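Below: one structure, written as structure tokens.
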Amino acid sequence: MASDASPPGEEEVKVRRRRRRREELRKTEDIEELTSAGHKALQEGRPEDALRHFKEALKAATQLQDSRVLRACSFNLGAAYVEAGRPQKGLDLLQQAQPGPKANRVPDLQFNLALAHNALGQSQEAAASFLQAAQLYRSQGDGRSEGDACMELSRCYSRTQDWSLAVQGFLRAAESYRVAAMLDSAASALKEAGSHMIQSDEFSQDDISGVLTECLSLTDSISDQRILGELYLSVGVSYCRLRCFQEAVQCFQLALSPVTQCPPLLASVLHNLGAALNSLGQFSPAVGYHRLAAGLYGSLGGRGDQARCFTNLAFACSQLGDEEEAAESFILALQGFKDTEDHLGQVQVCESLAECYLKQRKQQKAVQLYKQALSALSHCQDSGGFQDRLVEKLTAALRMSAGRQV
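Right, dumping it as structure tokens:
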């Protein structure tokens with residue numbers, strides 16, 4: 001006769017299954033909590049805490065025996081190792097996260113693999129993975145991530161001095177950021193593109209100016225004052241390299257207000273503004289900027305940059321006929337270059353100061369400076385054609401001095 005009763009032991013099996021499901025659910029929740037805590041730690045700049053959370057999550061995933069969850073936890077831990085400055089450990093885990101051909105179809109994995117290769121100095125492998133990531137992000141319509149991948153790709157090319165490829169990457173990043181309505185990031189990408197175009201011989205001045213103009217057209221979209229100031233400064237420097245000094249001056253002047261609260265940036269802007277005005281022959285306004293920059297660099301402890309400012313100040317004063325202040329500024333510059341052991345800087349200042357003394361008919365001091373310049377030149381690996389010129393000038397100064405003594 002049939003019976004409705006369950007066979008012996010079936011109820012126990014059902015209980016064990018329910019218990020196992022509850023245990024799996026609990027472990028899944030624990031993994032989610034640990035993963036969330038790990039991401040939060042990374043965002044807050046606590047990489048060691050993040051590693052601890054992700055390690056615990058991976059351990060729980062191993063016990064769960066779910067390959068999808070295991071891959072995700074391996075990925076998180078690997079990415080955290082890369083961010084914590086342990087790229088080889090991170091690379092090993094990332095390669096375990098998605099082995100086989102499927103790895104080539106996961107953009108975040110490719111991006112983090114690229115970061116690991118990059119940190120290990122493997123530029124070629126890093127570039128290949130960044131390019132793969134960018135292509136995958138584009139196929140998903142993720143303009144922001146594509147832009148980020150292209151920026152990193154271009155930096156790889158920049159390190160290997162592949163200027164043209166770097167430019168292509170930065171321009172593609174700008175296009176991707178535009179699609180994602182991230183105009184501030186697009187402006188930064190264009191800034192980098194213009195700077196790198198100057199390094200290459202494949203672009204005309206019109207090409208470069210066009211990119212810099214496009215970059216400046218996006219400045220209204222930048223709300224962060226520091227980023228805005230850095231952009232104006234960088235574009236201004238690019239214009240200087242193109243010898244478009246009037247455009248450079250305009251950029252540096254626009255940079256002044258945004259960098260007011262950032263002394264190091266303000267010093268750099270003042271320094272470059274004064275130098276650009278020197279190049280335009282506008283020495284009177286340049287003098288004020290040179291003095292401000294030199295004082296600011298002094299308060300920041302930037303002796304080398306301060307010395308360069310004093311050199312620019314001396315040149316401007318000399319052009320204005322104030323040989324006394326020019327000489328004083330050259331002396332200050334010389335001391336700064338001595339303090340920083342910049343031998344080439346010493347050579348250049350000694351030569352200029354000697355000429356300044358010659359104008360004041362102080363031949364003996366000029367002779368001493370030319371000798372000092374030759375002594376400093378002996379510490380330079382490349383004389384750069386200085387020696388013959390200095391010897392010739394020293395000889396002439398000695399003759400003038402001897403003539404005055406007679």
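Here the sequence shown stands for residues 1 to 406, numbered as in the UniProt record's numbering. Glycine included, each C-beta is placed from N, C-alpha and C at the ideal position. The structure displayed is predicted, hence computed values, not measured ones.
C-alpha gap between residue i and residue j, whole angstroms
i: L344; j: L377; result: 7 Å
i: V237; j: I208; result: 13 Å
i: R105; j: A80; result: 21 Å
i: A149; j: S123; result: 14 Å
i: D4; j: T28; result: Note that D4 has pLDDT 46, beneath the 50 cutoff, so the model's placement of it is unreliable and the number below is only indicative. One C-alpha to the other measures close to 37 Å.
i: A126; j: A326; result: 51 Å
i: A2; j: L64; result: Model confidence at A2 stands at a pLDDT of 41, short of 50, so the residue's coordinates are unreliable and nothing is read from them.
i: Q387; j: E341; result: 19 Å
i: F170; j: Q364; result: 55 Å
i: F130; j: A97; result: 18 Å
i: L332; j: T260; result: 26 Å
i: V406; j: L265; result: Legend: pLDDT at V406 = 39, less than 50; position of this residue unreliable, no value from coordinates given.
i: D66; j: K102; result: 17 Å
i: F330; j: G45; result: 46 Å
i: D108; j: A181; result: 21 Å
i: M400; j: C156; result: 56 Å
Nonlocal neighbours in the same chain, by C-beta distance under 6 Å from residue i, ignoring five residues either side
i: E202; result: S164
i: A354; result: A366, L369 and Y370
i: Q306; result: A294, Y297, G298 and G336
i: L320; result: F283
i: M151; result: A173
i: E146; result: A134, Y137, R138 and S176
i: D322; result: none
i: K359; result: E323
Start-to-end residues for the alpha helix (DSSP H) that takes in residue i
i: Q199; result: L183 to Q199
i: Q306; result: R303 to Q319
i: E125; result: S123 to S139
i: F170; result: W163 to V179
i: G210; result: Q205 to L216
i: S221; result: That residue, S221, is in no alpha helix (DSSP H); it is neither H nor E in DSSP.
i: V281; result: Going by the sequence as given, residue 281 is Gly instead of Val. Unbroken run through G281: none, as it is neither H nor E.
i: S352; result: H343 to K359
Check whether residue i and residue j have beta carbons under 8 Å apart
i: L231; j: S188; result: yes
i: L280; j: V249; result: yes
i: V235; j: H196; result: no
i: G301; j: C262; result: no
i: L91; j: A50; result: no
i: V82; j: A119; result: yes
i: D162; j: S221; result: no
i: V287; j: C240; result: no
i: N272; j: H290; result: no
i: L113; j: L136; result: no
i: A133; j: Q110; result: yes
i: L34; j: E56; result: yes
i: E192; j: S154; result: yes
Own chain, CB closer than 7 Å to residue i, minus 5 neighbours either side, in chain order
i: L398; result: V367
i: A186; result: A174, Y177, R178 and L218
i: L334; result: Q346, V349, C350 and L353
i: S225; result: Before going further, note that residue 225 is Gln rather than Ser in the sequence given. The residues are P258.
i: L256; result: V269
Own chain, CB closer than 8 Å to residue i, minus 5 neighbours either side, in chain order
i: Q253; result: L273
Worksheet item: Are the region 66 to 80 and the region 31 to 42 touching by the rule of at least three beta carbon pairs closer than 8 Å?
Response: yes
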